[in-house]
Every structure is written in C-alpha cells, then in structure tokens.
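All remarks here apply to the structure that follows.
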Amino acid sequence: MAGNAVNNQLLWVLGLLAVTVWLFASGRLRMDVVALLVIIAFVLSGTLTLQEATIGFSDPNVILIAALFVIGEGLVRTGVALQTGEWLMKIAGNSESKMIFWLMLTVAGLGAFMSSTGVVAIFIPVVLSVAAKIGSSPARLMMPLSVAALISGMMTLVATPPNLVVNSELQREGLEGFSFFAVTPIGLVVLALGIGYMLVARYWLAALPDAAVAAAPRRRNFRDLIREYRLSGRARRLAIRAGSPLIGRRLDDLKLREKYGANVVGLERWRKFRRVMVTVTGETTFRDRDVLLIDMSAAEIDLRQFCSEQRLEPLILRGDYFSDRARDVGMAEVLLTPDSELTGKSVRELGFRSRFGVSIIGIRRRNSLLEGALTDEPLEVGDTLLAIGDWRCIQQLQQQKRDLLLLALPAEIDEAVPAHSQAPHALFSLALMVALMITDVIPGPIAALIACLLMGKFRCIDMESAWKAIHWPGLILIAGMMPFALALQKTGGVALVVQGLMDVAGSRGPHVMLLCLFVLCATIGLFISNTATAVLMAPVGVAAAQQVGVSPYPFTMIIAIAASAAFMTPVSSPVNTLVLGPGGYRFGDFVKIGVPFTLVVMAVSVLLVPLLFPF
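The numbering of the sequence shown is my numbering, which starts it at 29 and goes up by one.
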C-alpha cells in the first residue's frame, strides 16, 4: 500500500510537471504566477509540507541573485555599465558581428568570477542602448548575451551554483573537490564554438524590418532643444579663482541673473581628488576652485568684464550648450497646466530654482519663442518652459502634475548617470565581492550583501532604486520551481532515474553513460532551473560511477556542464528568463536556437571530459 502511495505521488509530481511545462509553453499565464500555483499544488496535495514547498524563498542562491540585481543597478547608476557599453561600441563600431563577438567575450569573462545572472542584469540596459545606436534588433543581441552568460558557468568553479553543487557532492562523499580552473579548458572551447554559432544563428531571430525602423518615431534630443530655443553661444564654463567675491556667498544673494544675465545651471566641485557635479539651488554656497556652468542669456553683457569683476577664469567647453554634460545635467520641457497656481507669476517671483531645483532657460508661448529677460516674464496658461538641472530634479517634476506637466524626456535620459562620481566606489564594492567569492572566505550571498551595503554607504544607489532594480517575477519563478527537485527525491524519482540509467547504459561503457547523463540533465533542465537540475543529478552521477566502478569526476563534471548548457527553454535558467522580455522572445525561440547548440556542447563535452578527467 505504501509503495502504491509513493507511486501515485510520483505520478502526480510528473503530471504537475507536464502541466507546468504546457503553461510555460502556451503563455496562457505569467511564468511567476505558474510558479506560485506549483507551490500551492504541492502543499494542497500533501506532496510537500509548507516549509518544503517554500524552501526556494530561503535559498541562498535566490538571495544572491536579488543582491546581484542591486549591484548591477549600482553599476548602471554610477556609469560603469554605460562605460562598458561605450567601450563595446568603440571597438565594435556599427558592426553587429563585431558587437556579438566582443559582447560574448566580455560577458563570459565577467561571468567567470561572478553570477551569470548578475552579469546579464548589468548588461541588459547596455545591450538595449547599443542595439538602438547601431540600428539592430534587441533580439539579435539578447540571445548571444544569454548564451555567453550560460557558457561563463563553464569557466571557473565559482561561476555558477551547479558547479558548487557537484563539488560539494564530491566532498560529501569524502573525495577531493575540483580545482578552481578545472572546467576552464572545456569552457574556452564551448565559448569559441558559441560565438561562431551565434554569428550564424542570429539570422534565425527576428530583425527590425527596414520599414519599422523608418517608421519608428525619432526621440528628441538635446540638439533639437538647443536649436528650437536658440541656446547656441549662451553656454559658459567659468572657474572661481582665489579672491573672488563669489566665495562663501549664497547664489540667491549674488543676484547674478539680475545683474549680468548669468544663470548658474550646474556646478563642478573638487571632492577627494576629482571633480563631481553638484546640484545647484538658491542656497548653494560657492568655494574656491568651483567651476560654474552658466547660461548667459543677455547678449549685451561683456563677458570679459564679468569675469574680471568676479575673478572668474573661462574654461574650454566641448559640445554645444552643455550637451557634453548630458550624463549629469538634464534638460526637459514642462507645460503649465490650466489650473496651475504658477500662472500670472514670474520665474523670479516663484523662486523657481529654489522651489523645484531646476532653472528655466527658455519659454515658448503659442509656438513663439520669448526673447529677453525671462525671469520677470509673467507665466501664462499653456506656456512651455525649458528646464535645466540635475536629472533627478527634472524627473521629480513628474510629481507636480497640478502645476506642471513634464513632456517627453529627451533621448539623453537613457545615458543619465545619477551617481557618476561614485564609480570608483562601485568598482571597489564589486572587486571586493569578487575577491571574497574567489577566496571563499565567506559565503557568496553574504559577499554580495556586503557589496550591496557598501554601494548604499557610498551613495552608488538609494533604497528606492535598489528595490526597483530587483526583478521580482524572475525571483518568484526560480523559488517556485525549486521544490520540484525535492518532490522528485521524496517520491522516489531519483532512485528510479539511477535504475533506469543503469538499465539503458550500464553495460555499454562509460562514454555511453556520460552521453546518457548529459541527455538526462538537459531534459530535466527543460523544466526546472539549472541549479535544481544539479541538485537532483549530482547524487545520481556519483551513484552511477560507483555502480560502474569508475572515477566519479568525469560523471560529476558532465553533470555540471550539462546543467550550465541550459539553452533550450526560458525557464531552464534565470539568465534566459531575464532576456525573455527585453529580447521580445517567445518560448519557441529558445527551442530553435538552444537545441542545436546543446547538441554541439554535448558532443564536445563527451569527447573532452574523459581526456581531462580519465575514468
């Protein structure tokens, strides 16, 4: 009776697995919703206890992934990710082929020392930006990104959790674990093949039709605003020298706009051996060696006389009207609403800069541009104001819907770097995390959490941005699928697999056994995460090696490689899940690209593993 109960439970688990896969493939429900339904089904059926069914939410790997999302956002906000994208653009130019080559090489290299999921989280915004600049479809670049991130798991021992799972299984059996670079030779071969494969397979993915590219609305940028508001020739970059009457005084007290038509829109300040951008308000007090970014709207003012009186030194300003400062200084149009309390009052009366944190450098009224001193011009309903200032302050104007309506932000917002000055601190936090992970001084999740806290301490990221950075649907999907491995173990699925494996390949030699183990891992990986696959299959590999009477190292290594070769479905790995949306992929796209390449990896690994780890 007990055996029948177990068999019935096993059938129930397999049936639930089949339904889950069908829901994933059909797209009838969101994947994270399906994962939550799986948890409910396990508990209500009595297959797993509540604690067992929700074990994924306390899994260290889930915590690690969440922390890496935050770290990735910190690298984006400090401009590190953007700099990487620019480097890729610089060396690849407008060539999609070169971009795929260098992108995959970079991602695989980074992923060798940190979580592949974290690397993908970092590079998704970079790839989207690069695709837009070179006129390529994101689908053509997101899949190479995903494939390279998965291959990075074959580069080092700490590159991906499945490697650590099989390593810990060996140690649990009293054997010596793998060395740090044991898997690297296989990974390098697979990476070379992967780059070549994606250069061909990209043509199987949807490209942007020429008509669609032509029809796509062009976003306005700084150049458009500079031309429309006639800002050319008005920008000045002036350094405060010793003895300047500006030193130690508040901006509002100086009345620079009234006296000289000089509107301070930005401030560069020396801080810890480097210049950083400081948000300018009416309360800002100037210091020696500060560099002022000034809009000189009054053409009749003698710049030389102004600099002489205030002890200022003109500096070189590249670009047209602060366009080279677009990462720090933003511009956007705002519309005065019909019910606005600002109507009838001038910019000076309102104390606009002190109130909203931005300066008004242009006013359009009934499609005509106002000239002259704008600070004393009473505002009217329907006026369009051109605001300049810190990007964060500009974005906060969205909250002023009663008085102001923020119009479409210019394209430069995509490259805005809120914490550009903190880039060295972000790199330090990342380097410390990688060092701690490589040396195995503390657990990986703890190392990632330390890096998160350091990024918060150094103001690389704020709490609101950190919470928004975490991809909660992806985490729920991973956590919800993890109980499948436990359910299969409890219902006798593992023992059944070992027995079946021995029946099929036990008498046909170890090479056939390796092939069967890879196929089995790849098949299971279609349905559950690669980490769960490794957890499930690692004991199977060791047990199979003992049954055949050969070394367990090639068996466990083939399982680690097969677990990383999770190319075939969007649920096989969190990496695939992450690129699903940005790449605009369907379930079938992963099957189309992933199946042939998985066969290539299988052939290579079955040939190479016995050479590196003899039976």
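Glycine included, C-beta positions come from ideal geometry on N, C-alpha and C.
- CB contact flag (Ile506, Ile93, <8 angstroms): Contact flag set, yes.
- Item | Segments of 4+ residues assigned as alpha helix (DSSP H) that fall wholly inside the segment 48-131 | Note on the segment 48-131: whole alpha helix (DSSP H) runs with a minimum of 4 residues are 59-73, 78-81, 88-105, 108-120, in chain order.
- Tell me the start and end of each unbroken beta strand (DSSP E) in the segment 291-357 that is at least 3 residues and wholly inside, in chain order. Those beta strand (DSSP E) runs which fall completely within the segment 291-357 and span 3+ residues are 302-306, 319-324, 340-342.
- Query: Counting pairs of Cβ atoms below 8 angstroms between the segment 312-321 and the segment 404-415, do you hit three or more?
  - Reply: In short, these stretches do not touch, since the Cβ pair count stays below three.
- Query: Is the segment 378-390 touching the segment 329-346 in the sense that three or more CB pairs, one from each, lie closer than 8 angstroms?
  - Reply: No: fewer than three Cβ pairs fall under 8 angstroms.
- Look at the alpha carbon of Thr365 and the alpha carbon of Asn249, and state the distance between them as a whole number of angstroms. Each residue's alpha carbon lies about 23 angstroms from the other.
- Task: Measure the alpha-carbon distance for Leu636 versus Glu296 and round it to whole angstroms.
- Result: Those two C-alpha atoms are separated by around 57 angstroms.
- Leaving out five residues before and five after Gly205 in sequence, what residues of the same chain have Cβ atoms less than 7 angstroms from its Cβ? These residues qualify, in order along the chain: Asn195, Leu198, Gln199.
- Report the residue from Glu256, Leu640, Glu399, Leu320 whose alpha carbon sits nearest the alpha carbon of Arg303. Checking every option, the nearest Cα to that of Arg303 belongs to Leu320.
- Kindly indicate which three-state DSSP category Val362 falls into: helix, strand or coil? The answer is strand: DSSP assigns Val362 an E or B state.
- Task: Could you name the residues of the same chain whose beta carbon sits closer than 7 angstroms to that of Trp40, not counting the 5 residues immediately before and after it, in chain order?
- Result: Contacts found: Ser73, Thr75.
- Query: Are there 16 or more other CB atoms within 10 angstroms of the CB of Trp232, so buried, or fewer, so exposed?
  - Reply: Answer is exposed; the Cβ neighbour count stays below 16.
- Task: With DSSP collapsed to three states, give me the class of Val632.
- Result: Judged by DSSP in its simplified three-state form, Val632 adopts helix.
- Out of Gln426, Thr626, Thr605, point me to the one whose CA is closest to Thr145's CA. Here the closest residue by C-alpha is Thr605.
- Does the pairing of the segment 392-410 with the segment 450-467 give three or more beta-carbon distances under 8 angstroms? Verdict: no, contact absent.
- Task: Quick one: grab the DSSP three-state call for Asp418.
- Result: Look at Asp418 here: in three-state DSSP terms it is strand.
- Going straight from the alpha carbon of Val532 to that of Ala95, what length do you get? Near 43 angstroms, if we compare the C-alpha coordinates of Ala95 and Val532.
- Query: How about Asp60 and Ile504: are their beta carbons less than 8 angstroms apart?
  - Reply: Yes, these two residues count as a Cβ contact at 8 angstroms.
- Task: Please go through the same chain and pick out, in chain order, the residues whose beta-carbon is closer than 7 angstroms to the beta-carbon of Arg262, but skip the five residues on each side of it.
- Result: A distance below 7 angstroms between beta-carbons, with the five flanking residues on each side excluded, links Arg262 to the following residues of its chain, in chain order: Asp323, Met324, Ser325, Tyr349.
- Taking the alpha helix (DSSP H) that Val386 falls in, what are its first and last residues? Per DSSP, Val386 lies in no alpha helix (DSSP H); the unbroken beta strand (DSSP E) holding it starts and ends at 386-393.
- Task: Assign Ala244 to one of three DSSP states: helix, strand, or coil.
- Result: With a pLDDT of only 44 at Ala244, under 50, the local geometry of the prediction cannot be trusted, and the value read off the model is given with reservation. Reduced to three states, the DSSP call for Ala244 is coil.
- Item | Cut-off 7 angstroms between Cβ atoms - residues of its own chain near Gln37, not counting five sequence neighbours on either side | The beta carbon of Gln37 sits closer than 7 angstroms to those of Thr75, Thr519, all from its chain and outside the five residues before and after it, given in chain order.
- Task: Quick one: give me the first and last residue of the alpha helix (DSSP H) that Arg487 is part of.
- Result: Segment: none, Arg487 is in no alpha helix (DSSP H) and carries neither H nor E.
- Task: Output the boundary residues of the alpha helix (DSSP H) element that contains Arg648.
- Result: As shown, the chain starts at 29 and ends at 643. That puts residue 648 outside it, with no answer to give.
- If we count the other Cβ atoms within 10 Å of its Cβ and call it buried at 16 or more, is Met491 buried or exposed? By the beta-carbon neighbour count (other beta carbons within 10 angstroms, threshold 16), Met491 is exposed.
- Item | Best match in Leu435, Ala631, Leu464 for proximity to Ile589 [C-alpha to C-alpha] | Nearest of Leu435, Ala631, Leu464 to Ile589, Cα basis: Ala631.
- Message: Do Gly215 and Met171 have their beta-carbon atoms positioned less than 8 angstroms apart in this structure?
- Response: Note that the C-beta distance between Met171 and Gly215 is not below 8 angstroms.
- Message: By the DSSP assignment, the beta strand (DSSP E) with Ile275 in it spans what residues?
- Response: Neither: Ile275 is in no beta strand (DSSP E) and is coded neither H nor E.
- What is the DSSP secondary structure of Met29, counted as helix, strand or coil? Note that Met29 scores 47 on pLDDT, short of 50, meaning its location in the model is unreliable; the coordinates nonetheless yield the value given after this. DSSP places Met29 in coil when its eight states are reduced to three.
- Message: With three or more beta-carbon pairs closer than 8 angstroms as the criterion, would you say the segment 586-601 touches the segment 613-627?
- Response: In this structure the segment 586-601 lies against the segment 613-627, because at least three pairs of beta carbons, one per stretch, are closer than 8 angstroms.
- Item | Beta-carbon proximity list for Ile254, same chain, < 8 angstroms, skipping 5 on both sides | Excluding residues within five positions, the ones whose Cβ falls inside 8 angstroms are Ser260, Asp348, Tyr349, Ser351.
- Query: Where do the N-terminal and C-terminal ends of the beta strand (DSSP E) with Ile268 fall, by residue?
  - Reply: Ile268 -> beta strand (DSSP E) spans 263-268.
- Task: Can you check DSSP and say which residues form a bridge with Ser396?
- Result: Partner residues in the beta bridge of Ser396, as assigned by DSSP, are Arg393.
- Go ahead and label Phe618 buried or exposed: buried means 16 or more other beta carbons lie within 10 angstroms of its beta carbon, across all protein chains shown. With 16 or more Cβ atoms within 10 Å of its Cβ, Phe618 is classed as buried.
- Taking all protein chains shown into account, decide if Pro567 is buried (16 or more other Cβ within 10 angstroms of its Cβ) or exposed. So Pro567 counts as buried.
- Looking at the unbroken beta strand (DSSP E) that takes in Leu434, where does it start and where does it end? Per DSSP, the unbroken beta strand (DSSP E) holding Leu434 starts and ends at 432-434.
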